[in-house]
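All residue numbers for the sequence shown refer to our numbering, where the first residue is 58 and numbers rise by one. Beta carbons are placed, not taken as given, at the ideal position from N, Cα and C, and that holds for glycine. To keep things clear, I will list the structure first and then write my remarks on it.
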Amino acid sequence: MTKQTRRQFLGTAAAGTAGLAVGATTACAAGQGVRPGPLPADQGFRFVHLTDIHVRRKRRGDDGYRTCVKSVNALRPAPDFVLMGGDMAFDGLYTERDEFEDQIGLFKEISSGLKMPYYECLGNHDLLGLSARRKVPVDDPEIGAKMIMDRLGMERSYYSFDHKGWHFVVLNTMEQVETASGPSYHGRISDEQLHWLGIDLAKASGMPTICVGHIAAFNNLAQVWNDFDLPAMYTRYVIRNNKDLRQVLERHKVKALLQGHSHRGEEYRYKDVWYLTSPSVSGAWWGGNWHDDKPGYTVFHCVGNQFTWERRYFEWEHHLEPEDNVERERIAELEAEKAEQRRLYEAELAAARSGI
Ligand SMILES: [Fe+2]
C-alpha cells in the first residue's frame with residue numbers, strides 16, 4: 058500500500074469510527090486534519106521543495122546535486138518553480154573560506170541547470186563563521202549571511218512572491234547574535250521579520266499561502282530516536298520563538314510551513330497548518346542515507362485553494378572519502394538494524410503460519 062493510499066484509508070477509517078457517513082473525498086477535504094488525496098492531475102500547478110542540498114566536492118556531492126537536478130527536470134508534469142529550503146552550500150560555519158566560496162559557486166552553477174526558476178532560502182550552514190569553530194576572523198567583512206547573499210544575488214534574507222493566485226513566503230530562521238565565543242546564530246525569527254510577516258500576510262489576505270523556512274517550528278526527533286535526553290524544544294532543531302511564528306501563521310490561515318534542517322521527512326498538522334519537513338537532498342551530507350531517510354525532495358501540487366504533496370527519491374550511490382570512518386560505522390549500524398527488523402518480520406510471519 059502506498060503512503061498516500063494508506064493515509065486516504067486512515068482518513069476514511071477515522072471518519073467511519075466517528076460515525077460519520079462520509080466518503081473518502083469528504084473525509085480527505087482540506088481543513089479536516091487529513092492530508093488531501095490526489096488532486097485533478099491536469100489542473101493547477103506544481104512546485105518542488107529542495108532542502109539541505111549541502112553542495113560540496115567531497116563525497117562527490119556536486120555529482121549528487123546534478124543527479125537531483127536531472128531528476129527534477131524529468132518530472133512530468135513539469136514543476137513551475139523550485140523553492141529552496143536552506144543549507145544550499147555544504148557549510149560556511151566551520152569550513153575554510155575558499156572552500157565555502159567554491160561550494161556556493163557550485164550551488165549556483167548546478168542550479169542554473171534547473172529548467173525552471175528557483176527561489177533561494179538561507180540555512181544555518183549558509184552562514185559564514187557564525188560558530189566557535191569558525192575558520193575566519195571574527196571581523197571578516199562578510200561574516201554571517203553577507204557572503205552567500207552577495208554571491209547568489211539575494212537582495213533580502215526573507216521575502217515573498219505570488220504565483221498563479223497563490224502567495225509564497227521565504228523566511229530567514231536564523232538570527233545573528235553575539236556570544237562569549239564571538240558571532241553566532243540562534244534559530245529564531247527576528248522581531249522585525251515577524252512584524253513584516255504579519256503585514257505581508259495581511260496584504261495577501263484571501264490568497265492560499267505557503268511559507269518556507271530552514272529550522273523547523275515542529276519536529277519530533279526526541280520521540281523518533283527514543284532519546285530521553287533530547288528536549289522537545291532543543292534549540293538546535295527548533296526555532297526559539299516557534300509559538301510566535303505559529304500564531305502569525307494561524308491568524309492568517311497559512312496552509313503550510315515547509316521545513317528543513319533535520320534531514321528527515323516529517324508531517325504534522327496543528328490548528329489547520331501543515332508543518333512539512335522534506336527529506337534532505339544530501340541525505341547524510343552525501344554520506345549515504347540519514348538514518349533511514351534517503352536523499353530526496355517533495356513535489357507539491359496546487360489546485361484552486363487546495364494542495365497535496367508526494368516524496369520523490371533519486372538514485373544515488375554514496376561515495377565516502379578515505380577518512381569517513383564514522384560514516385562507515387553509522388552505515389554498518391543502520392544495515393544491521395534493518396537486517397534485524399527483516400529477521401523479526403520473517404520470524405513473526407513464520408510463527409503466524411504455524412499457528413503459534
Ligand atoms: Fe542541513
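| Query | Result |
| --- | --- |
| Range covered by the beta strand (DSSP E) that runs through residue 412 | From DSSP, residue 412 is part of no beta strand (DSSP E); its letter is neither H nor E. |
| Residue closest to residue 305, alpha-carbon to alpha-carbon, out of 329, 280, 324, 286 | 329 |
| Contacting residues, own chain, Cβ-Cβ under 7 Å from residue 406 (five flanking each side not counted) | none |
| Residue 305, DSSP secondary structure in three states | helix |
| Rounded straight-line distance, which links the Cα of residue 192 to that of residue 217 | 33 Å |
| Cutoff 8 Å; reference residue 126; Cβ partners in own chain excluding five residues on either side | 167, 168, 170, 171 |
| Contact test: residue 14 Cβ vs ligand 1 heavy atom, cutoff 7 Å | Since the first and last residues shown for the chain are 58 and 413, residue 14 lies out of range. |
| CB-CB length for residue 132 against residue 106, believed under 8 Å | That belief does not hold up - the Cβ atoms of residue 132 and residue 106 are roughly 13 Å apart, past 8 Å. |
| Residues that DSSP places opposite residue 107 in a beta bridge | 141 |
| Per DSSP, cross-strand counterpart(s) of residue 199 | The partner list for residue 199 (beta bridge, DSSP) is empty, contrary to what the question assumes. |
| Where residue 231 sits in the DSSP three-state scheme | strand |
| Where residue 160 falls: helix, strand or coil (DSSP) | helix |
| Spatial distance of residue 238 from residue 128 (CA atoms) | 42 Å |
| Residue 382, DSSP secondary structure in three states | helix |
| CA-to-CA distance, residue 302 to residue 180, given in whole angstroms | 17 Å |
| Cross-strand partners of residue 369 (DSSP beta bridge) | 354 |
| Contact set for residue 270: own chain, Cβ-Cβ below 6 Å, skip 5 residues either direction | 228, 230 |
| Beta-bridge pairing of residue 185 - partner residues as DSSP gives them | 201 |
| Helix, strand or coil at residue 62 according to DSSP, with G and I counted as helix | Confidence at residue 62 is low in this model, with a pLDDT of 34, below 50, so its placement is unreliable and the value that follows should be read with caution. Three-state DSSP puts residue 62 in a helix. |
| Around ligand 1, Cβ to any heavy atom closer than 5 Å, ordered along the chain | 109, 144 |
| The stretch 144-164 contacting the stretch 364-384, beta-carbon criterion three pairs below 8 Å | no |
| Ligand 2 heavy atom lying under 7 Å from the CB of residue 370 | Of the ligands one can find in the structure shown, namely ligand 1, none is ligand 2. |
| Close Cβ partners of residue 313 (< 8 Å) along its chain, the five nearest in sequence each way excluded | 267, 268, 330, 331, 332, 333, 364 |
| Classification of residue 414 by the beta-carbon crowding that lies within 10 angstroms, buried from 16 upward | Because the chain spans 58 through 413 in this model, residue 414 falls outside it and cannot be assessed. |
| Rounded C-alpha distance that separates residue 71 from residue 354 | Since pLDDT at residue 71 reaches only 29, below the 50 mark, its modelled position is unreliable, and the value read off the structure follows with that caveat. Their backbone Cα atoms lie some 29 Å apart in a straight line. |
| Rounded separation between residue 176 and residue 275 - CA only | 23 Å |
| Beta-carbon separation (whole angstroms), residue 257 vs residue 226, contact threshold 8 Å | 6 Å |
| Close Cβ partners of residue 349 (< 8 Å) along its chain, the five nearest in sequence each way excluded | 391, 395 |
| Distance, residue 254 Cα to residue 232 Cα | 15 Å |
| Status (buried if at least 16 other CB within 10 Å, exposed otherwise) for residue 236 | exposed |
| Pair within 8 Å by beta-carbon distance, residue 247 and residue 187 | no |
| Residue 111 beta carbon less than 8 Å from that of residue 144 | yes |
| 6 Å CB neighbourhood of residue 204 in its chain, flanking five on each side removed | 185 |
| Ranges of the beta strand (DSSP E) found wholly within the stretch 387-411, counting only runs of at least 3 | none |
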